[in-house]
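Here is the structure we will look at, set down as structure tokens.
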Amino acid sequence: MASSALVTGATGYLGSELVKQLLQKGFIVHATVRGPHNTQAVQHLTNLADALPGTLKLFKADLLHPNAFDESIKGCQYVFHTASPFFIEVEDPQRDLIDPAVKGTSNVLSSVAKHKTLVKRTIVTSSVAAEREAWKIAKEHDLDLVTILPNFILGPALSRHDTKGLSVGFMKACLESDTIAGTPVIVDVRDVAKAHILAATLPQAEGRYIISNRKPITPRLVSDVLQARFPHLQIPTGKQEDAPEKIDNSKATTELGLQLTTVNETLVDMAVTLMQLGIAVPRPKPMT
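All letters in the sequence shown, in the order written, are residues 174 to 461 by my numbering.
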């Protein structure tokens, strides 16, 4: 019998990739979205379901509604909570980012507690504040919980409608603007999704996992990679900056056996998909 999983935030950047990988493995996926009848928003998910061996079921769920996940969680052995707002521009960070993340996590885990005899394990993609709430509820209800803390996620996008997030905004700026700025420590979205599945299905997985490369990328690295792959485009030349090793990802690589995608592959694959989807429209180099 096929394994079953609930994925919250299924139309999001990470959620979509997680749904894809679960469907590839033959899972029955209960995907929560804001509007299951919004064809444009869910089309990429239904297309994936048509092409892959798993089964997709869409459910409407409001992150801030206390009982929003009670229906979608029924029959699920695994719960993946990836729904958490993270936009470039917000009016009130507490109201628009922190509160929804914490309340959403609380609501999902409250639903898990009602069905904990069936749910084997819950994986929460977490910010620090939401993680605190998650562990508090897990302890109160004796839930099997693992938290995933990814660094700055880049990599291929699956939907042309995912344009408001920081990840897409960063790469779009690299392709379209006159400068490349910032030295984030990145991780590939495909690796983060894979880590979720490993953390759910490997019996020995426990606690929290930082999913990340060890060193930050520099503006010069980004420009070198993109200029080499797209010599016909006007890609700005980034400044060289120091990039000391910052992150210890050994728990994920050792306990989960996670092998990380190369930075070059992550950057190129993301750039290709953003251009294919029409999200980024770089300027061609002028004819000489």
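Note that beta-carbon positions come from the ideal geometry of N, C-alpha and C, so glycine has one too.
Exercise. To the nearest angstrom, how far is it from the Cα of lysine 289 to the Cα of leucine 316?
Worked result: 7 Å
Exercise. Is isoleucine 246 helix, strand or coil by DSSP?
Worked result: coil
Exercise. Where in the region 416-459 do unbroken runs of the beta strand (DSSP E), each at least 3 residues long, occur, reported from the N-terminal end onward?
Worked result: none
Exercise. Straight-line CA distance for threonine 255 to glycine 182?
Worked result: 6 Å
Problem set entry | With 16 other Cβ atoms within 10 Å as the buried cut-off, status of threonine 439 | buried
Problem set entry | Endpoints, the alpha helix (DSSP H) within which threonine 212 is located | 212-224
Problem set entry | phenylalanine 200: first and last residue of the uninterrupted beta strand (DSSP E) it sits in | That residue, phenylalanine 200, is in no beta strand (DSSP E); it is neither H nor E in DSSP.
For this session: Label alanine 224 either buried or exposed according to how many other C-beta atoms from any shown protein chain fall within 10 Å of its C-beta, with 16 as the threshold for buried.
Result: exposed
Problem set entry | the region 379-398 contacting the region 328-338, beta-carbon criterion three pairs below 8 Å | no
Exercise. Rounded to a whole number of angstroms, what is the C-alpha to C-alpha distance between leucine 375 and leucine 429?
Worked result: 8 Å
Exercise. Taking lysine 198 as the reference, which of Ala286, Ile370, Ala214 and Leu399 has the closest Cα?
Worked result: Ile370
Problem set entry | Distance between threonine 336 and isoleucine 261 (C-alpha atoms, nearest Å) | At isoleucine 261, the pLDDT of 47 sits below 50, so the modelled position is not reliable and the matter cannot be decided from this model.
Problem set entry | Simplified DSSP state of threonine 510, which is helix, strand or coil | Lying outside 174 to 461, the shown extent of the chain, residue 510 is not represented and no answer is given.
Exercise. Proline 455 and leucine 406 look like a contact to me (Cβ under 8 Å); what is the Cβ gap, rounded to whole Å?
Worked result: 4 Å
For this session: Return the chain-ordered list of same chain residues with a C-beta closer than 6 Å to the C-beta of phenylalanine 242, the five sequence neighbours on each side being excluded.
Result: Ala234, Val281 and Ser284
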